[in-house]
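Residue numbers (UniProt numbering): 1 to 528.
What follows is the structure in structure tokens.
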């Protein structure tokens, strides 16, 4: 039985299909000015308006920077101070509520204390690394939970780089954060293990080439693209991405001033946009963003933190109102995640997906959010046709992908047609979310190193060749399946164990396809 594209497009584009990752104490230096952060106050009318907050006033029950506060009630009957609860969406989080400080509920003689984080885990998918939040001792349970929370805060702050404020002001400062001496020590640690020593030496050599390129008075963008194609060292990725996207100028002389101006411009946009509170927003756009944000990377701790979700809401809404021809489209929320994790990783020495950004200073947190906004804007400028009315860019890309597969793997294309499988039924999401629902953020980040090195058209053109290589890599399995098996397989691909090697093989195959077929696009689209 044939199925129409519309029947499957909606299902494949459902936000719940988002892929899931299995992925010294900070002392704030003195500042000469009080940086502005964004928060909001809830009123009886649920109006939320951002207000400036300085470090001196940024305090809360947990000692974190203030976040957006909103009244909601979760399924336990505990009153929260954040998030808007929707029937179709999980509660973004549960705040530090009175249920923790008041009398804990009891069950069968056991005292159970649930922290805000455990409520989020329950609603959005448990994280196996979450610390125990269930205690037995009535008298000691609240204290133990508080101690556990304080321990996580302390450990989180210890992960923040000691020179984070210098990195915020000048991303190039991070280039020197891992000295060549440390790399030499790594090489020496491999003595007696030739293969390991060789790997360390190659990484040190590659890093030095990046350093030489990035520290030039005027960065050679062609040289940077050539280096970035095969992957960028983690600590050099933030500044490299900013340069490759054109967010920062290639001239070192103007870089700091441009960065400061762009961050200030974003801060003003946020203040202006939310000046009248929630009632002053476009309710249709805001409602969809509210629903999608809690669904972003479910099960990953970073994306269940309330500070991350509030930042994502602001980024998406400000972008949407600045681009009225497209507005907000489901899937754009996924595209923020690589930027957020890369730029956050520049400020800390731990795994970004397990970090609470609220532990950063207001200055660092505001810089992180602004940089994500502008880099997202740069990326979307090249694929704007994907998100305007009718999404013509996506339809054009899917048609070209179908034609390309017909040329590259005719048996697979013939089998898909025989099973009444239309490319729109699975490839729509591949184009709309750039394969982010099929791959982990870590793999996506590595893939974007190459995309950014390919130039401004990579996300609209080179991506199609990546999708072709991706699909044909499963050719043998797909040709043994019927319609239902094919659709189910393509909506839940076994990529959970993929690492850099698999991504690099995929990119290499895509490059070959691009080299062979790029000049034949018109013929392929016409079916010649």
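Cβ coordinates follow ideal geometry from the N, Cα and C atoms, glycine included.
Since the structure is predicted, the reported quantities are computational estimates derived from the model, not experimental observations.
query	result
Cα-Cα separation, residue 342 to residue 240	11 angstroms
Residues sharing a beta bridge with residue 218, DSSP	251
When 503, 377, 441, 310 are compared against residue 351, the one with the closest alpha-carbon	441
Opposing strand residues paired with residue 348 [DSSP bridges]	160
Coil, strand or helix - residue 329 by DSSP	coil
Backbone secondary structure at residue 457 - three-state DSSP	coil
Anticipated Cβ contact below 8 angstroms, residue 374 with residue 262, distance rounded	6 angstroms
Buried versus exposed call for residue 238 [16 or more other C-beta atoms within 10 Å across all chains shown]	buried
CB contact flag (residue 518, residue 479, <7 angstroms)	no
Exposure label - residue 513; buried when at least 16 CB within 10 Å	buried
Helix, strand or coil at residue 176 according to DSSP, with G and I counted as helix	helix
Terminal residues of the alpha helix (DSSP H) in which residue 244 lies	237–244
Exposure of residue 226, with buried meaning 16 or more beta-carbon neighbours within 10 Å	exposed
Residue of 475, 383, 377, 445 minimising C-alpha distance to residue 413	475
Cβ of residue 404 within 7 angstroms of any chain E Cβ	Protein chains in the displayed structure number just one, and chain E is not present.
Euclidean distance between Cα positions of residue 251 and residue 303	35 angstroms
Limits of the unbroken alpha helix (DSSP H) element including residue 310	306–322
Alpha helix (DSSP H) segment containing residue 485, residue limits	483–491
Inter-residue CB distance, residue 335 and residue 426 (contact presumed, cutoff 8 angstroms)	Actually they do not touch by this definition, with Cβ atoms about 19 angstroms apart.
Residue 509 versus residue 446: straight-line alpha-carbon distance, rounded	15 angstroms
Counted within 10 angstroms of its Cβ, other Cβ atoms place residue 516 as buried (16 or more) or exposed	exposed
Residue 424 burial status per 10 Å Cβ neighbour count (16 or more: buried)	buried
Inter-stretch contact (C-beta, 8 angstroms, three-pair minimum) for the region 262–282 and the region 304–319	yes
Cβ-based burial, residue 347 [other Cβ within 10 Å; buried from 16]	buried
Exposure label - residue 389; buried when at least 16 CB within 10 Å	exposed
Whole-angstrom C-beta distance between residue 507 and residue 450, which should lie under 8 angstroms	5 angstroms
Nearest-angstrom Cα separation, counted from residue 158 out to residue 344	15 angstroms
Where residue 519 sits in the DSSP three-state scheme	helix
Pick from 456, 497, 482 that is closest to residue 221, judged by C-alpha positions	456
Boundaries of the alpha helix (DSSP H) in which residue 362 is found, first to last residue	362–381
Under the three-state DSSP convention, the category residue 430 falls into	helix
For residue 453, the nearest candidate out of 156, 244, 438 (CA to CA)	244
Secondary structure of residue 408, DSSP reduced to three states	helix
Minimum C-alpha distance to residue 521 - residue among 396, 493, 422, 327	396
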